[in-house]
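*Asks:* Numbering (the numbering used here), first residue to last: 24 to 151. Virtual Cβ for every residue (Gly too), placed ideally from N, Cα, C. Nothing here was measured: the structure is a model prediction, and the numbers come from that model. Pasting a structure below so you can have a look.
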């Protein structure tokens with residue numbers, strides 16, 4: 024973490040107050056959201072093939088579960104730009120749309136919901 028750029032609230036009861044103070048500090052400093060990039064290079068199907076091969080190898084070697092494989096393939100789909108036939112440049116919004124689509128499709132999975140519930144209730148990831 025860069026010094027003075029980020030802060031960590033260790034006390035749960037202070038989270039909202041600390042977040043509000045940081046938001047006010049940013050507003051007073053004249054913060055504006057950054058301009059979205061329009062030139063992010065993604066690999067398309069070439070990169071996606073590498074991700075799928077790696078996920079399949081990890082699954083075959085019993086290093087990850089079937090659901091871990093599904094999640095890694097969804098992440099690869101987003102990072103490689105989806106169903107693009109060749110490496111190309113895409114916009115930040117394009118990647119955000121892919122990310123939202125992948126996340127929502129995973130949220131429809133029972134195992135994903137069990138993992139989220141485990142993090143929220145126990146503070147530990149569930150390996151299912």
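(1) Go through its chain and collect everything with a Cβ distance to residue 101's Cβ below 8 angstroms, but skip five positions before and after it.
(2) Can you name, in chain order, every residue of its own chain whose Cβ lies under 6 angstroms from the Cβ of residue 135, other than the five neighbours on each side?
(3) Checking 8 angstroms against the spacing of the C-beta atoms, do residue 104 and residue 65 come in under that value?
(4) Could you tell me which whole beta strand (DSSP E) segments of length 3 or greater appear in the segment 35 to 109?
(5) Verify whether the separation of the beta carbon atoms of residue 99 and residue 82 is less than 8 angstroms.
(6) In three-state terms, what does DSSP make of residue 135?
(7) Per DSSP, what kind of secondary structure is residue 111 in: helix, strand or coil?
(8) Would you mind stating whether residue 217 and residue 138 have Cβ atoms separated by less than 8 angstroms?
(9) Given a cut-off of 8 angstroms, decide if residue 59 and residue 112 are closer than it, judged by their beta-carbon atoms.
*Replies:* In terms of the structure at hand:
(1) 118, 121, 122, 125
(2) If we look at residue 135 and ignore the five residues flanking it on each side, its Cβ neighbours are 129.
(3) yes
(4) 63 to 65
(5) no
(6) helix
(7) Residue 111: strand per DSSP, three-state reduction.
(8) This structure gives no information on residue 217, because the portion of the chain shown stretches from 24 to 151.
(9) no
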